[in-house]
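For the sequence shown, full-length UniProt numbering gives the first residue as 1, with consecutive numbering after it.
Single-structure report; data block below.
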Amino acid sequence: MAASQHECSICMDSFKNPKLISCHHSFCYKCLEDYVQVNLHNGCFNCPICRTSIQLPVSGISGFQTNFYIDTDTNENFPCEICGPKNVASSRCLDCEENLCQSCCFVHDKLKVSKHHKISDLVTLDPEMKGKIRQRVFCDQHPEEEFKLVCRDCKVPICFMCKAVQHDTHPTKALADAAAEVKMTLDTKLNQCSDKLRRIKASTVKGEELDKSINDAEQEELKAVDDQCSLLHKAIDQEAAQFKDKIKDVYRLLKEQNAVIISYMQEEFKSCSNTKDIAQNLRDKGTDIEVIKKGPDIEKLISAAIVKTNPPTSTIRVNSKLFSPAKIMATNLIPLIGILQDSTDAEEISRKEREEREIKQRAEREKKDTEDRERKQREEKEKKEIVSIDTSAFSQYEL
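This is how it looks when you write it as structure tokens:
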């Protein structure tokens with residue numbers, strides 16, 4: 001789940017009333033409300049982006065701070081800070097830092113103390129300036145008073161009336177100055193974070209290059225095995241062809257010898273059959289005179305045929321095997337394919353790196369969990385600090 005800084009990571013659209021949760025990720029109010037409704041367990045839910053466990057405020061989604069730094073609506077209306085929210089501001093005095101409606105702007109421009117102030121049309125203000133207008137926050141104890149100070153001891157923003165009573169003995173600093181100090185610290189942290197991101201990026205690039213090298217090496221090794229096996233197949237096929245040629249030569253000779261015998265026997269069969277037919281005709285159809293005259297000669301022909309047609313003894317034998325297959329064993333084949341180096345060292349290195357990475361990730365998770373617990377404890381403590389203030393003490397107080 002990813003989006004630009006101007007898009008909600010849930011709906012992937014421009015932010016609408018963005019809410020900032022404690023892990024500093026922002027989401028549309030409605031998107032976050034729908035997400036929490038499905039994923040809330042024991043008062044907590046996991047951030048859709050970083051999976052950090054987030055405690056839902058007592059007041060629900062509205063209890064999360066609105067992210068004032070996201071420009072959500074270029075046509076946003078601001079109330080007049082002079083006559084109240086009933087009138088929409090159209091201008092802003094950059095010297096007084098107040099939004100003015102048309103009527104108040106006219107009066108403001110006529111007053112002697114403010115006639116030379118710089119007035120700007122709200123429509124033309126850049127997003128950064130609008131963000132500063134939105135981020136004006138008023139005191140919970142004194143709704144009419146804007147936070148202007150930071151209590152150094154309590155480390156909370158306060159208004160001037162809070163300073164007069166509740167924090168009168170505490171050291172304070174102007175809100176803008178305190179924010180500037182925090183920004184300086186953030187700048188240092190941001191620089192450190194940028195350095196880390198550069199290192200991570202460099203390591204990632206190296207890792208990707210190494211991954212390519214590993215893949216290339218793997219494919220090269222696999223191809224070498226395939227090539228070697230192809231050579232073996234070719235050599236085996238060549239030897240098999242020679243075996244087959246020799247076997248064919250032997251059996252061709254046997255076939256030729258047997259063909260000679262078959263041809264001889266066929267000729268003898270034909271000759272003996274003719275002699276038999278002549279003798280049979282003489283016996284069945286010859287006259288007594290013909291039998292007496294030709295009989296002795298026919299008897300001699302038959303006797304000769306009987307003696308001659310005895311089949312010759314063949315020396316051909318086909319029961320004996322010319323080829324005896326060898327017993328195939330893997331131990332005999334492996335040396336023909338090649339030698340595989342022991343991968344134990346590489347596996348051991350990979351295992352150690354994996355264990356070190358898991359230990360580091362576990363330490364980071366524990367550190368983050370500790371920070372989350374401390375942050376939640378601080379938030380709970382701040383919620384419990386309810387101070388009752390006697391407003392009568394301010395009857396003579398003038399700002």
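Each residue gets a CB set at the ideal place from its N, CA and C atoms; glycine is no exception.
- Distance from the CA of residue 109 to the CA of residue 187, rounded to the nearest whole angstrom, comes to 39 Å.
- Within the same chain, 81 come within 6 Å of residue 98 by CB-CB distance, once the 5 residues on both sides are set aside.
- Taken through DSSP and simplified to helix, strand or coil, residue 361 comes out as helix.
- By the C-beta density criterion, residue 258 is exposed, having fewer than 16 other C-beta atoms within 10 angstroms.
- Counting the other Cβ atoms within 10 Å of the Cβ of residue 116 gives fewer than 16, which makes it exposed.
- Between the segment 172-186 and the segment 195-204, the count of C-beta pairs closer than 8 Å stays below three; the two stretches do not touch.
- Taken through DSSP and simplified to helix, strand or coil, residue 91 comes out as strand.
- The segment 296-306 and the segment 318-338 do not touch, with fewer than three beta-carbon pairs separated by less than 8 Å.
- Taking 8 Å as the cut-off, the Cβ atoms of residue 139 and residue 114 do not count as close.
- The residues 271, 272 and 275, in chain order, have a CB closer than 7 Å to that of residue 305 in the same chain once the five nearest residues on each side in sequence are set aside.
- DSSP places residue 39 inside the alpha helix (DSSP H), whose first and last residues are 29-39.
- A Cβ-Cβ separation of about 6 Å places residue 10 in contact with residue 27 under the 8 Å criterion.
- At a Cβ-Cβ threshold of 8 Å, residue 172 and residue 149 count as neighbours.
- Rounded to the nearest angstrom, the gap between the Cα atoms of residue 322 and residue 247 is 7 Å.
- The C-beta distance from residue 337 to residue 228 rounds to 5 Å, short enough to fall under 8 Å.
- A residue is called buried once 16 or more other Cβ atoms fall within 10 Å of its Cβ, and residue 18 is buried on that count.
- Annotation: residue 8 is outside any beta strand (DSSP E) and is labelled neither H nor E by DSSP.
- Ranking 190, 22 and 6 by CA distance to the CA of residue 15 puts 6 first.
- Using a 10 angstroms sphere on the CB of residue 317, the tally of other CB atoms stays under 16, which defines it as exposed.
- Judged by DSSP in its simplified three-state form, residue 45 adopts strand.
- Per DSSP, residue 151 is not a residue of any alpha helix (DSSP H); the beta strand (DSSP E) it occupies stretches across 149-151.
- Between residue 106 and residue 89, the C-beta gap is not smaller than 8 Å, which leaves the two residues out of contact.
- For residue 335, the enclosing alpha helix (DSSP H) covers residues 330-337.
- In this structure, DSSP gives residue 231 a helical state, which the three-state scheme calls helix.
- For residue 289, the enclosing alpha helix (DSSP H) begins and ends at 288-308.
- The C-beta of residue 24 has fewer than 16 other C-beta atoms within 10 Å across all chains shown, which makes the residue exposed.
- Between the alpha carbons of residue 290 and residue 302 lies a gap of roughly 17 Å.
- Taking C-beta atoms under 8 Å as the contact rule, residue 141 and residue 154 fail to qualify, at a distance of about 13 Å.
- Ranking 121, 93 and 120 by CA distance to the CA of residue 111 puts 93 first.
- Note on geometry: alpha-carbon atoms of residue 354 and residue 56 lie some 36 Å from one another.
- Closest in alpha carbon position to residue 307, among 356, 269 and 292, is 269.
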